[in-house]
Amino acid sequence: MTSARTRLDRFMSQHLGIKRQKIRPLLAQGRILVDGCVARDVQQTIHQFSHVIFDEQVLQDHKPCYVMMNKPKGVVSATKDRHHKTVIDLLKREDRHTLHIAGRLDFNSTGLILLTNDGRWSRELSIPENKIYKRYRVEVEKALDESYIRAFSKGIYFNYEGITTKPAALNIISSHVCEISLTEGRYHQIKRMLGHFQNAVLELHRQSVGNLILDQDLLAGQSRELSKSEVNNICNIEGKVN
Ligand code: URA
1 MTSARTRLDR
11 FMSQHLGIKR
21 QKIRPLLAQG
31 RILVDGCVAR
41 DVQQTIHQFS
51 HVIFDEQVLQ
61 DHKPCYVMMN
71 KPKGVVSATK
81 DRHHKTVIDL
91 LKREDRHTLH
101 IAGRLDFNST
111 GLILLTNDGR
121 WSRELSIPEN
131 KIYKRYRVEV
141 EKALDESYIR
151 AFSKGIYFNY
161 EGITTKPAAL
171 NIISSHVCEI
181 SLTEGRYHQI
191 KRMLGHFQNA
201 VLELHRQSVG
211 NLILDQDLLA
221 GQSRELSKSE
231 VNNICNIEGK
241 VN
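To convert, note that position 161 of the sequence shown is 161 in our numbering; the numbers rise steadily by one, no gaps.
The structure is reproduced here in structure tokens:
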């Protein structure tokens, strides 16, 4: 697969095994089509999903793919693992090895996990400045109280990285259950934030990412493709920490 974006002359020279200077005459002869249009500019950007034809031969035809899965416990959020099943192993589709994970969940965490072959989309989801809130239902060992809400909204200092976490929302649902909304995805972030109170996580389930809510009827281990509007609207949120 092509890197995320490249210039047309570089793309063609790589695919045809000829020098970049030889591409201009091919353009002048109208022999290269990009997304159904005759290409004229050597500097035209070719994206990962541009459809490129040369003399009726298809050089690139990658379809973007976006999948939601209800991750079960005991499965690794990785593309390969020597000891355990991965979320990729749970997919039935043939192109599963071309997908990557957009936002990992820990081995024993459950819920919404997204898989895609679109690096731009997964990067957008992970940038805290885009304020895409990931919401989790979390069950803890010890009783919660108001001080958790204040600490989460102020941010908690992580010694290892030397950073303070971005403001997060914590809503107490019952004495030992809360909902947490975060824009970041640091390693074991929720466990470590609750670790600040010496409170252990018993269950951690991701319910949503941005506007996208995990389907209620998707059983653990099941997955489905996202619609175009789900893909496009996932980021259109006015996430607010209360
Ligand atoms: N925070 C965690 O600690 N674990 C997860 O799986 C997700 C967020």
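Glycine residues also receive a C-beta, built at the ideal position from the N, C-alpha and C atoms. In this text the structure is predicted, and so the values were computed from the model without any measurement.
Residue i beta carbon near the ligand URA (any heavy atom closer than 7 Å)
i: HIS188; result: yes
i: ASP106; result: yes
i: LEU204; result: yes
i: TYR66; result: no
i: LYS191; result: yes
i: TYR136; result: yes
i: SER109; result: yes
Where residue i sits in the DSSP three-state scheme
i: THR98; result: helix
i: MET1; result: Summary for MET1: the model assigns pLDDT 48, below 50, so the residue's position carries little reliability, and this model does not support an answer.
i: ASN211; result: coil
i: ARG186; result: coil
i: ILE163; result: strand
i: LEU170; result: strand
i: ASN199; result: coil
i: ARG93; result: coil
i: LEU204; result: strand
i: VAL241; result: Residue placement at VAL241 is poorly supported in this model, since its pLDDT is 37, which falls under 50; the coordinates still yield a value, given next. Note: VAL241 maps to coil in three-state DSSP.
i: PHE158; result: strand
i: ARG10; result: helix
Euclidean distance between Cα positions of residue i and residue j
i: TYR136; j: GLY111; result: 9 Å
i: GLY185; j: PRO167; result: 13 Å
i: ARG93; j: LEU144; result: 42 Å
i: GLU202; j: TYR160; result: Before going further, note that residue 202 is Leu rather than Glu in the sequence given. If I take the Cα positions, the gap works out to 23 Å.
i: LYS142; j: PHE158; result: 21 Å
i: ILE156; j: ALA200; result: 16 Å
i: ARG224; j: LEU218; result: 8 Å
i: LEU253; j: ARG150; result: Examination of residue 253 is not possible in this model, given that the chain is present from 1 through 242 alone.
i: GLU124; j: VAL231; result: 12 Å
i: HIS83; j: LEU90; result: 15 Å
Residue range of the beta strand (DSSP E) that includes residue i
i: HIS84; result: Looking at the DSSP string, HIS84 is not in any beta strand (DSSP E), and its letter there is neither H nor E.
i: GLY17; result: That residue, GLY17, is in no beta strand (DSSP E); it is neither H nor E in DSSP.
i: LEU182; result: 177–182
i: GLY111; result: 110–116
i: ARG137; result: 134–140
i: LEU59; result: 57–60
i: LYS71; result: 66–71
i: VAL52; result: 52–54
i: THR45; result: 45–47
i: VAL34; result: 32–34
Residue range of the alpha helix (DSSP H) that includes residue i
i: PHE152; result: 146–154
i: ASN232; result: 228–233
i: SER223; result: No alpha helix (DSSP H) holds SER223; the beta strand (DSSP E) holding it covers 223–225.
i: ILE23; result: 23–28
i: LEU125; result: 119–126
Any chain C beta carbon closer than 8 Å to residue i
i: ASP9; result: Included in the structure is just one protein chain, with no chain C present.
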